[in-house]
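All remarks here apply to the structure that follows.
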Amino acid sequence: MEEGNSIIYGLEHQTRALSPQYGESDAIRFLIGTQSLKPNSNQIHVVELEEDTGALHTKVFKHDIGEVWHLRCSPHDAATLLTTHNSYDPATSQCTMGVSIFKLPTVEVIPKDLDDLSAIQSRNAEDMELLLTIKPEKPEEEIRCAEWHPTDASRVGVVCEGGVRVHDVTGGAAISRAAASARLKFTGGKWNPHQGHTQ
(Lines of atoms letter the chains of each structure in order from A; the text may use other names.)
(Lines give C-alpha, C1' and ligand atoms only; values in the text may rest on other atoms or scores of the structure.)
Protein backbone atom coordinates (compact mmCIF):
# COMPACT_ATOMS: atom_id res chain seq x y z
CA MET A 1 0.00 0.00 0.00
CA GLU A 2 1.44 3.37 -0.99
CA GLU A 3 1.93 6.17 1.52
CA GLY A 4 -0.93 8.66 1.70
CA ASN A 5 -3.63 6.46 0.18
CA SER A 6 -6.92 6.57 2.03
CA ILE A 7 -9.46 3.79 2.32
CA ILE A 8 -13.19 4.42 2.44
CA TYR A 9 -15.89 2.03 3.62
CA GLY A 10 -19.48 3.17 3.15
CA LEU A 11 -22.43 2.19 5.32
CA GLU A 12 -26.12 2.11 4.55
CA HIS A 13 -27.06 3.64 7.93
CA GLN A 14 -25.61 6.18 10.33
CA THR A 15 -23.17 4.84 12.91
CA ARG A 16 -21.53 5.93 16.14
CA ALA A 17 -20.01 2.65 17.34
CA LEU A 18 -16.57 1.40 16.24
CA SER A 19 -14.27 -1.05 17.99
CA PRO A 20 -11.05 -2.83 17.08
CA GLN A 21 -11.19 -6.61 17.44
CA TYR A 22 -9.00 -6.83 20.55
CA GLY A 23 -8.81 -10.62 20.79
CA GLU A 24 -7.37 -10.93 17.25
CA SER A 25 -3.62 -10.57 16.73
CA ASP A 26 -3.20 -12.00 13.21
CA ALA A 27 -5.45 -9.57 11.32
CA ILE A 28 -6.43 -5.90 11.30
CA ARG A 29 -10.16 -5.96 12.01
CA PHE A 30 -12.76 -3.49 13.20
CA LEU A 31 -16.41 -3.88 14.12
CA ILE A 32 -18.93 -1.17 13.30
CA GLY A 33 -22.50 -0.95 14.64
CA THR A 34 -25.25 0.92 12.81
CA GLN A 35 -27.85 3.22 14.30
CA SER A 36 -31.13 3.17 12.40
CA LEU A 37 -34.59 3.80 13.80
CA LYS A 38 -36.13 1.35 11.33
CA PRO A 39 -37.02 -1.92 13.09
CA ASN A 40 -34.81 -4.94 12.34
CA SER A 41 -32.44 -2.96 10.11
CA ASN A 42 -29.34 -2.52 12.28
CA GLN A 43 -26.17 -4.43 11.59
CA ILE A 44 -22.70 -5.21 12.86
CA HIS A 45 -20.07 -4.92 10.11
CA VAL A 46 -16.78 -6.77 10.53
CA VAL A 47 -14.21 -4.99 8.37
CA GLU A 48 -10.78 -6.50 7.73
CA LEU A 49 -7.92 -4.60 6.12
CA GLU A 50 -5.52 -6.60 4.00
CA GLU A 51 -2.31 -4.82 4.91
CA ASP A 52 -0.33 -5.83 1.81
CA THR A 53 -2.86 -4.65 -0.78
CA GLY A 54 -5.00 -2.14 1.13
CA ALA A 55 -8.13 -4.11 0.21
CA LEU A 56 -11.10 -4.18 2.58
CA HIS A 57 -13.08 -7.36 3.19
CA THR A 58 -16.33 -7.31 5.11
CA LYS A 59 -18.88 -9.54 6.71
CA VAL A 60 -22.25 -8.29 7.93
CA PHE A 61 -24.30 -9.60 10.86
CA LYS A 62 -27.86 -8.75 11.93
CA HIS A 63 -28.40 -6.70 15.08
CA ASP A 64 -32.20 -6.86 15.24
CA ILE A 65 -32.33 -5.93 18.92
CA GLY A 66 -32.05 -2.19 18.15
CA GLU A 67 -29.76 0.70 17.27
CA VAL A 68 -26.14 0.33 18.43
CA TRP A 69 -24.93 3.17 20.65
CA HIS A 70 -21.70 1.56 21.87
CA LEU A 71 -19.74 -1.52 20.86
CA ARG A 72 -16.83 -3.41 22.43
CA CYS A 73 -15.05 -6.58 21.35
CA SER A 74 -13.93 -8.93 24.08
CA PRO A 75 -10.19 -8.86 24.83
CA HIS A 76 -10.56 -12.52 25.88
CA ASP A 77 -12.30 -13.98 22.80
CA ALA A 78 -12.16 -12.50 19.29
CA ALA A 79 -15.62 -13.87 18.43
CA THR A 80 -17.43 -12.28 21.40
CA LEU A 81 -18.70 -8.71 21.54
CA LEU A 82 -21.07 -6.57 23.53
CA THR A 83 -23.35 -3.81 22.34
CA THR A 84 -25.10 -1.02 24.20
CA HIS A 85 -28.34 -0.57 22.32
CA ASN A 86 -31.62 1.26 22.28
CA SER A 87 -34.77 -0.45 21.10
CA TYR A 88 -38.35 0.67 20.59
CA ASP A 89 -41.14 -1.40 22.06
CA PRO A 90 -44.35 -0.81 20.07
CA ALA A 91 -46.47 -2.38 22.83
CA THR A 92 -45.46 0.28 25.39
CA SER A 93 -44.48 3.01 22.88
CA GLN A 94 -41.19 3.46 24.75
CA CYS A 95 -37.51 3.13 23.97
CA THR A 96 -35.43 1.06 26.38
CA MET A 97 -31.70 0.54 26.54
CA GLY A 98 -29.78 -2.63 27.21
CA VAL A 99 -26.41 -4.34 26.91
CA SER A 100 -26.25 -7.55 24.90
CA ILE A 101 -23.41 -10.02 24.53
CA PHE A 102 -23.15 -11.81 21.19
CA LYS A 103 -21.01 -14.58 19.73
CA LEU A 104 -20.05 -14.35 16.05
CA PRO A 105 -20.34 -17.65 14.13
CA THR A 106 -16.83 -17.09 12.77
CA VAL A 107 -14.13 -14.45 12.98
CA GLU A 108 -12.78 -15.32 9.55
CA VAL A 109 -13.56 -12.56 7.04
CA ILE A 110 -11.11 -13.47 4.27
CA PRO A 111 -11.62 -17.14 3.37
CA LYS A 112 -8.65 -19.47 3.06
CA ASP A 113 -9.94 -20.56 -0.35
CA LEU A 114 -10.12 -17.41 -2.50
CA ASP A 115 -12.68 -19.08 -4.82
CA ASP A 116 -15.17 -18.64 -1.97
CA LEU A 117 -14.47 -14.90 -1.68
CA SER A 118 -17.21 -13.71 -4.04
CA ALA A 119 -19.74 -16.11 -2.50
CA ILE A 120 -18.98 -14.83 1.00
CA GLN A 121 -19.10 -11.15 0.05
CA SER A 122 -22.42 -11.48 -1.78
CA ARG A 123 -24.26 -13.17 1.10
CA ASN A 124 -26.93 -11.41 3.12
CA ALA A 125 -26.41 -10.44 6.74
CA GLU A 126 -25.85 -13.44 8.99
CA ASP A 127 -27.18 -14.11 12.48
CA MET A 128 -25.10 -13.78 15.65
CA GLU A 129 -25.76 -15.89 18.72
CA LEU A 130 -27.26 -13.82 21.55
CA LEU A 131 -25.64 -14.99 24.80
CA LEU A 132 -27.08 -12.52 27.32
CA THR A 133 -28.97 -9.23 27.60
CA ILE A 134 -28.53 -6.98 30.62
CA LYS A 135 -31.48 -4.66 31.15
CA PRO A 136 -31.46 -1.41 33.13
CA GLU A 137 -32.80 -1.51 36.68
CA LYS A 138 -35.45 1.08 35.71
CA PRO A 139 -36.89 1.09 32.16
CA GLU A 140 -36.20 4.82 31.73
CA GLU A 141 -32.56 4.49 32.85
CA GLU A 142 -30.05 5.49 30.21
CA ILE A 143 -27.06 3.18 29.74
CA ARG A 144 -24.01 5.10 28.52
CA CYS A 145 -21.60 2.27 27.74
CA ALA A 146 -20.32 -1.14 28.82
CA GLU A 147 -16.73 -2.37 29.06
CA TRP A 148 -15.22 -5.84 29.40
CA HIS A 149 -13.08 -6.41 32.47
CA PRO A 150 -9.46 -6.46 31.19
CA THR A 151 -8.45 -9.67 32.99
CA ASP A 152 -11.68 -11.42 34.04
CA ALA A 153 -13.76 -12.69 31.09
CA SER A 154 -16.81 -13.22 33.33
CA ARG A 155 -17.21 -9.54 34.30
CA VAL A 156 -18.60 -6.51 32.47
CA GLY A 157 -18.84 -2.96 33.77
CA VAL A 158 -22.05 -1.14 32.79
CA VAL A 159 -22.08 2.66 33.07
CA CYS A 160 -25.50 4.24 33.54
CA GLU A 161 -26.44 7.86 33.99
CA GLY A 162 -26.83 7.38 37.75
CA GLY A 163 -24.04 4.93 38.55
CA VAL A 164 -21.87 1.97 37.61
CA ARG A 165 -22.64 -1.73 37.95
CA VAL A 166 -20.41 -4.76 37.51
CA HIS A 167 -22.28 -7.75 36.06
CA ASP A 168 -21.42 -11.43 35.95
CA VAL A 169 -21.80 -12.44 32.28
CA THR A 170 -22.64 -16.06 33.08
CA GLY A 171 -25.98 -15.07 34.61
CA GLY A 172 -26.28 -11.32 34.11
CA ALA A 173 -26.70 -10.48 37.79
CA ALA A 174 -25.13 -7.30 39.16
CA ILE A 175 -22.36 -8.30 41.58
CA SER A 176 -21.46 -4.76 42.67
CA ARG A 177 -22.67 -1.21 42.15
CA ALA A 178 -21.69 2.38 42.86
CA ALA A 179 -24.07 5.32 42.61
CA ALA A 180 -23.28 8.84 41.42
CA SER A 181 -23.96 11.79 43.69
CA ALA A 182 -27.32 13.50 43.25
CA ARG A 183 -26.01 16.25 40.95
CA LEU A 184 -23.55 14.26 38.89
CA LYS A 185 -24.39 12.10 35.90
CA PHE A 186 -21.98 9.64 34.34
CA THR A 187 -21.30 9.88 30.60
CA GLY A 188 -18.68 7.15 30.16
CA GLY A 189 -16.28 4.86 31.96
CA LYS A 190 -13.20 2.64 31.74
CA TRP A 191 -11.62 0.08 34.04
CA ASN A 192 -8.81 1.53 36.16
CA PRO A 193 -5.55 -0.26 35.20
CA HIS A 194 -4.22 0.17 38.77
CA GLN A 195 -5.15 -1.86 41.88
CA GLY A 196 -5.71 -4.99 39.79
CA HIS A 197 -8.58 -3.55 37.72
CA THR A 198 -10.90 -3.48 40.73
CA GLN A 199 -12.27 0.01 39.96
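Going by full-length UniProt numbering, the sequence shown opens with residue 1, and the numbers climb by one from there. Glycine included, C-beta positions come from ideal geometry on N, C-alpha and C. Bear in mind the structure is a predicted one, so any value in this text is a computation, not a measurement.
Who are the Cβ neighbours of residue i in its own chain at under 8 Å, not counting the five residues just before and after it?
i      : result
Arg177 : Gly163, Val164, Arg165, Val166
His76  : Gly23, Trp148, Ala153
Gly172 : Leu132, Thr133, Ile134
Met1   : Confidence at Met1 is low in this model, with a pLDDT of 48, below 50, so the placement of that residue is unreliable and no value is reported for it.
Please classify residue i as buried or exposed, where buried requires at least 16 other C-beta atoms within 10 Å of its C-beta.
i      : result
Gln94  : exposed
Arg16  : exposed
Ala174 : exposed
Ile8   : exposed
Gln14  : exposed
Glu140 : exposed
Thr170 : exposed
Glu142 : buried
His70  : buried
Ser19  : buried
Ala91  : exposed
Leu184 : exposed
Ile28  : exposed
Glu12  : exposed
Any idea which residues DSSP pairs residue i with across the strands?
i      : result
Asp168 : Arg155
Met97  : Asn86
His45  : Ile32, Val60
Ile134 : Val99
His70  : Thr84
Ser6   : Ser6 pairs with nothing; no bridge assigned.
If you follow the beta strand (DSSP E) that residue i is in, where does it begin and where does it stop?
i      : result
Leu31  : 28-34
His149 : Unbroken run through His149: none, as it is neither H nor E.
Thr15  : 15-20
Excluding the 5 residues preceding and the 5 following residue i in the sequence, name in chain order all residues of the same chain whose CB lies nearer than 7 Å to its CB.
i      : result
Ala78  : Gln21, Gly23, Glu24, Val107
Thr187 : Arg144
Ala179 : Gly162, Gly163
Lys190 : Glu147
Are residue i and residue j touching if we call contact CB-CB under 8 Å?
i     : j     : result
Thr34 : Gln43 : yes
Gly66 : His45 : no
Thr83 : Asp89 : no
Within a Cβ cutoff of 6 Å, which residues of the same chain sit near residue i, ignoring the five residues on either side of it in sequence?
i     : result
Ser41 : none
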